[in-house]
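Undergrad:
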Amino acid sequence: MFDFLETIINEIKSYFVTENISYEITGECKKCGKCCNYMYSFDTYTEKEFKIMQFIFPAYRRFYIKGKDEDGNFIFACKYVTEDGLCSVYDKRLEMCKRYPVKRIYRPMKLHEGCGYKVEEKNFKDYLKKD
Ligand code: SF4
Ligand code: SF4
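Going by this note's numbering, the letters in the sequence shown line up with residues -2 to 128, in that order.
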């Protein structure tokens, strides 16, 4: 239960607090639809917790539980992704969808295999090197 409370707090913080890891992003979207069909959550543990998240954050009501990975983590999908892997509400997609993959994020992220983007974590030394 404590972990779940931390999840909710982190979620709220993500709306207001500047994220603390920066990435360099290169490449482009290949429109495979994997990121809308296979979303992983490493901190939502039960269906009940997911329902609570959807209650607190109505934007998440577009997501549903698709299954679990081999480690027991939920895999979510969006009900608005088409069979072709495209967004059927493109003009009204969430801010998180518009920003994907994000340049700054609270936790390290991984992209789906075959994704057209490449992300590299940036640290202070990287910025010094560029200048
Ligand atoms: S997984 Fe990558 S390439 Fe595929 S739709 Fe998402 S952003 Fe585009
Ligand atoms: S709203 Fe569109 S872009 Fe966002 S997850 Fe759903 S299908 Fe993908």
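For every residue, glycine included, the Cβ atom is placed at its ideal position computed from N, Cα and C.
Would you kindly work out how many angstroms separate the C-alpha atoms of E92 and Y57, rounded to a whole number?
TA: As a working note, residue 92 is residue 95 in the sequence shown. As a working note, residue 57 is residue 60 in the sequence shown. About 12 Å.
Undergrad: DSSP three-state label for E21, please.
TA: What you label residue 21 is simply residue 24 of the sequence shown in a count that begins at 1. Of the three classes helix, strand and coil, the one that applies to E21 here is strand, per DSSP.
Undergrad: Using CA atoms only, rank isn't needed, just tell me which of C94, L83, Y87 and E118 is closest to K27.
TA: Along the sequence shown, read from residue 1 onward, the residue named residue 27 stands at position 30. If we check each option's Cα against that of K27, L83 comes out closest.
Undergrad: May I ask you to check if the CB of G24 is nearer than 6 Å to at least one heavy atom of ligand 1?
TA: Sequence index remark: in the sequence shown, residue 24 carries index 27 (1-based). For ligand 1, not one heavy atom lies less than 6 Å from the Cβ of G24.
Undergrad: If the criterion is Cβ atoms closer than 7 Å, does the pair M36 and F1 meet it?
TA: Position 39 of the sequence shown holds residue 36. Position 4 of the sequence shown holds residue 1. For M36 and F1, no; Cβs fall outside 7 Å.
Undergrad: Closer than 6 Å to a non-hydrogen atom of ligand 1 - does that hold for the CB of C112?
TA: Against the sequence shown, residue 112 aligns to sequence position 115. Flag set: Cβ of C112 near ligand 1.
Undergrad: Tell me the rounded alpha-carbon separation between C112 and T23.
TA: To locate residue 112, count along the sequence shown from 1; it is residue 115. To locate residue 23, count along the sequence shown from 1; it is residue 26. C-alpha separation (whole angstroms): 11 Å.
Undergrad: Within this structure, are the beta carbons of R59 and C75 separated by less than 7 Å?
TA: The residue given as residue 59 occupies position 62 in the sequence shown. The residue given as residue 75 occupies position 78 in the sequence shown. Yes, the Cβ-Cβ distance between R59 and C75 is below 7 Å.
Undergrad: Which residues share a DSSP beta bridge with A74?
TA: Along the sequence shown, read from residue 1 onward, the residue named residue 74 stands at position 77. According to DSSP, A74 bridges with Y61.
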